[in-house]
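Residue numbers (this note's numbering), protein chains in the order written: chain A, 1274 to 1740; chain B, 665 to 1115. Working notes, structure below.
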Amino acid sequence: MLSKALLTELRSIVGRDEVLDRPVDLQTYEYDAYGERSLPGAVVFVHSTAEVSAVVRLLAREGIPFVPRGYGTNVSGGSLALDGGVVIEMGRMDRVLEIDVPNRCAVVQPGIFTFDISTALEPFGYYYAPDPASVKASSVGGNIAENAGGPHCFKYGVTSNHVMGLEVVLPDGEVVWFGGKDADSSGLDLTGVLVGSEGTLGIVTAAILRILKTPETVKTMLAIFAALEEAGDVVSAIVAAGLVPATLEMMDGLTVNAVEDALACGYPRDAGAVLLIELDGLRDGMEEMAEQIAAICRAHGALEVRVAQDEAERAALWRGRQGTFSSITALAPNYMSLDGTVPRTRLPEALRRVSELGRSQGLDVYCVLHAGDGNLHPCFLYDEKVESQKEKVETASMEVLRICVELGGTVSGEHGIGVEKLPAMHLVADENDLRAQSLVKEAFDPRGLLNPGKVLPGGEAAVDAQR
Amino acid sequence: MPSGDRRDASRPAGRLEQLVGAEAVVSPASIAIHDLRPALEVRPADEAQLSDVLAFCNREGLAACTAGGATKLGWGGRPERCDLLIRTGGLSGITRIDADDLSLCAAAGTTIAEARARAEAAGRIFPVDPRRPGEATIGGVGATSDQGARGAGYGAVRDVVLGLRAMLPDGTPVKFGGRTMKNVAGYDMTKLFLGSFGVLGVITEITFRLLPRPEAETLMIVPLTSLAQGRDIVAGILDSHLQPLVLEVASAAEAGSVMAAVGGDPLDAGGLLLMVGFSGPRAAVRRSVSEVDSWAGVRRGPILEDAAAERLFAVLSEHDPGGQSLGVAVTVRASVPVGEVWGVAEAAEDLARRSQLELAYRIHAARGVVMLGIGPGEVADPDRLGASVADLRRRVERSGGRLAVTGGLASLPPGFSPWGDPRPSVEIMRRIKERFDPERMLNPGRFVGGI
């Protein structure tokens, strides 16, 4: 609980109605898209960089931890306020500040829905490339904190490749710019370090984003396979053939049916796996590339290759892909969605081993993949009220991550470590690697007030205490 | 701590020889950093030896600077002190290439040319196009983020690196990132180390993503009547659906060597040149070229295909602007918002006219970088030259950019800052340096703000 005096001070900064402290109000902010809960000490709605700075200064003075939050779509617990810390709610800072076409960038506030950036750019013929599945529900500030990916990363890279500069409120309240509209290389790449730091190094209050010209042509195809492994082989074969589609998305048969039940997008229910392939760029040469890809699919046993004939068909295919997560998670009380990544050549083996693991443990695995990036999202469904199910899923999940690391991959491609994967960090980083990372945290946040207990293992005790 | 002057490196020499072998310790160093020639040069043969050398320096209070192919030692500040120079050439070789997965991993001392040749042999493109690729190393390119003409298509160095290994200043080995396209397991330490000028550690190995080899590659050379015309054509390309691999302007002084390299008509070599490159499916490349060609006012110059284009790239990367055409005293790099490169080039031309300086430059028009060579080579008056460079720096900073000296710092007045006044974010950079290298043992004073 925060003291009355402190709440009054906070209200004097952001406005009387802009601070929540009643337990019933705080409950809305005690969880995110990851399952765990932790009640914050207060929620403060901020409207400007100056307010963020003033709020942070005040909390730092009092030694109270704080965490920035957008719309709570984080799937690794990164936006939970542990230790009764204060949630700084960024959603009201949601404007496009500037569209600068001559310099190919846009300046936005962190609370804007990522999808809305491209909407604002559309009249200029430009767009913002990163497109996580949550693009209509998540804020760009959250995307920056998590270095979000999405289907189009295969060709265009992750969020980090599209952020040029950041205005940041440091954990002591100071406001500073990293990077800018210039591709400056004089100085440490602090923009690169901030992106993906899960809101533990600074609070982003404005971002300069690279904007891209909307592609001339887009071609969307759906390849249907009898078995998951065949689809995995096709992904490797497409990459090895030197073809660069904009997306190479895969889902297994269980997922296809879950999506059809929920959304009826026209996916084939009898498929063992489908590949959603999108090409973009100049129309010249695209037809040939599409034919080459279709030929590779057929050579690997594709039952059918469909090409979306118009925008409506394309939209239906994408609605299915974007709705996978909600379609699957609606099927059971609880879920565990993983985010391991492997070199693309190892994808077929990773899929085979994950399926075997599911079978041997008697668990249903729903598999959705950003296959072009080797990024797997196996999802286990369970009911935490049924004894031992949760432990079984947790053990299997750790095993999936171990498999990914064994195959030369990593434990998270785009969801982040948060509190969820703290133990898994040891699979990819030894004590020296972790120590080096903690030096960075210490340089930014020597008192450990900003989003404590995340990313770097060592602070797990705080989470356990909440359970 | 050893007794006596800690900078007297004659005694440590014997102990370094014990660590790396007598033939791997040279005295004095074979090369200087600006005007400072270290008393010792050490050439570790592998990571273990490098770790031992760093740990030794740390214990003994010896400041070390690092170099790979020594092609960019003119970049950055004069070291605050330097007892020995560590050369990374011994850490050499392609550690792994996975052509089907589009990745390549190479040790720090491997030359760019070798990495490129290995990628090409596997039917892939190594997407880094720095200067002097025959000598420049993986580690040096990582530490400086040097990227050249084809960066318009490849992106920056930070965009094509998947992970790296390094030694911290005390010799502790660390690894960051990995070999997958996506990786958010922990902080993005890879980005922290790239371009960090060796002040946080010594990069020992980098994993790059590779690109598929395109079906076709074409480079158009368009003679320009003025900078303004260049700006218009470039704006047209950037606003179109075309995706250039190269978008580069050569100033009049540079145009001669470009035309000589392509065996083009010397009549065309009087003014500025715009080089526009495309790669990809043959049909897309053909359409791109004919589209640019059809625009009003675009004069047609030579069009180079595949191998001929490669030859020109090789010439471009071999020398800094003015390196072949005039005596250069100072080279500088201006990084500005992409739309501002034209104003910077104009300002430089004005300044050269007013101050009777010689000038050559190249504009990386898709990346917002202008590389300039300023002469004459014999500097009569360093103060006057310094005033001119400072003038240009102010102009660049007004347009939201930075100007860094990349060669000839010694020709400028004493104390001339190679980086310019740091931005406020330097405070965080200092705090990071303090934690990684509290005793300032590794490349002290080389980086922004004297870090």
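Where is the CB? At the ideal position from N, CA and C, for every residue including glycine.
- Selection B:ASP1045, B:LEU1056, B:LYS1097 and B:SER999 evaluated against GLY1065 of chain B yields B:SER999 as nearest (Cα-Cα).
- Runs of the beta strand (DSSP E) lying entirely within the stretch 758-793 of chain B and spanning at least 3 residues, in chain order: 758-762 and 767-771.
- Among the CB atoms of chain A, one or more fall inside 8 Å of the CB of ARG877 of chain B.
- In its chain, beyond the 5 residues on either side, ILE1569 have a beta carbon closer than 6 Å to the beta carbon of ALA1510 of chain A.
- Leaving aside the five residues that flank GLY1398 of chain A on each side, the residues in its chain whose CB is nearer than 8 Å to its CB run, in chain order, LYS1486 and THR1487.
- Note that the C-beta distance between ILE758 of chain B and ARG796 of chain B is not below 8 Å.
- Contact between LEU1049 of chain B and VAL994 of chain B holds: their C-beta atoms lie close to 7 Å from each other, under 8 Å.
- In this structure, B:VAL953 is the residue among B:LEU832, B:VAL953 and B:GLY1007 with its C-alpha nearest to the C-alpha of GLU881 of chain B.
- Collapsing the DSSP output to three states places ASP1455 of chain A in a strand.
- For VAL1319 of chain A, no alpha helix (DSSP H) segment is defined, and its DSSP state is neither H nor E.
- If the five residues before and after GLY1350 of chain A are omitted, its C-beta is found closer than 7 Å to the C-beta atoms of ASP1305, TYR1307, GLU1309, GLY1691, VAL1692 and GLU1693, all from its own chain and listed in chain order.
- Exclusion of the five residues before and after GLY1007 of chain B leaves SER1063 as the residues of its chain whose Cβ lies within less than 7 Å of its Cβ.
- Secondary structure note for PHE1498 of chain A: it is in no alpha helix (DSSP H), and the uninterrupted beta strand (DSSP E) holding it is 1490-1498.
- DSSP places ASN1416 of chain A inside the alpha helix (DSSP H), whose first and last residues are 1413-1419.
- When C-alpha distances from PRO1621 of chain A are compared across A:ALA1519, A:ASP1534 and A:ALA1500, the shortest belongs to A:ALA1500.
- The stretch 1530-1538 of chain A and the stretch 1439-1448 of chain A do not touch, with fewer than 3 CB-CB distances between them shorter than 8 Å.
- The three-state secondary structure of HIS1028 of chain B, taken from DSSP, is strand.
- For ASP1525 of chain A, there is no enclosing alpha helix (DSSP H); the residue is part of the beta strand (DSSP E) that begins and ends at 1520-1525.
- Here ALA1379 of chain A is buried, its C-beta having at least 16 other C-beta atoms within 10 Å.
- Counting of Cβ neighbours within 10 angstroms places GLN1595 of chain A among the buried residues, the total reaching 16 or more.
- Per the coordinates, the alpha-carbon of GLY804 of chain B lies some 8 Å from the alpha-carbon of PHE861 of chain B.
- The stretch 911-926 of chain B makes no contact with the stretch 826-843 of chain B; the number of CB pairs closer than 8 Å stays below 3.
- Within the stretch 841-869 of chain B, contact with chain A at the beta-carbon level (separation under 7 Å) is assigned to GLY842, ARG843, THR844, MET845, LYS846, ASN847, VAL848, ALA849, GLY850, TYR851, ASP852, MET853, LYS855, LEU856, LEU858, GLY859 and SER860.
- DSSP lists B:GLU881 as the beta-bridge partner residues of SER943 of chain B.
- For MET1093 of chain B, the chain A residues whose C-beta falls within less than 8 Å of its own C-beta are GLY1460, LEU1461 and LEU1463, listed in chain order.
- Sequence-distant partners of LEU1076 of chain B (beyond 5 residues in either direction) whose C-beta falls short of 8 Å from its own C-beta, in its chain, are VAL994, PRO1046, LEU1049, GLY1050, VAL1053 and VAL1069.
- The C-alpha of ASP1294 of chain A lies about 7 Å from the C-alpha of VAL1316 of chain A.
- For LEU766 of chain B, at least one C-beta of chain A is nearer than 8 Å to its own C-beta.
- Nearest Cα to HIS1435 of chain A within the set A:ASP1404, A:ALA1702, A:ARG1365 and A:ALA1563: A:ASP1404.
- Counting along the chain, HIS1425 of chain A sits inside no beta strand (DSSP E), nor does DSSP assign it H or E at all.
- At a cut-off of 8 Å between beta-carbon atoms, PRO1375 of chain A makes contact with chain B.
- For ILE1092 of chain B, the enclosing alpha helix (DSSP H) stretches over residues 1090-1100.
- A direct Cα-to-Cα measurement between GLY1446 of chain A and GLU1324 of chain A gives close to 10 Å.
- Going by C-alpha positions, ASP903 of chain B is about 9 Å away from PRO1375 of chain A.
- The three-state secondary structure of ARG679 of chain B, taken from DSSP, is helix.
- For ASP1457 of chain A, a Cβ of chain B is located within less than 8 Å of the residue's own Cβ.
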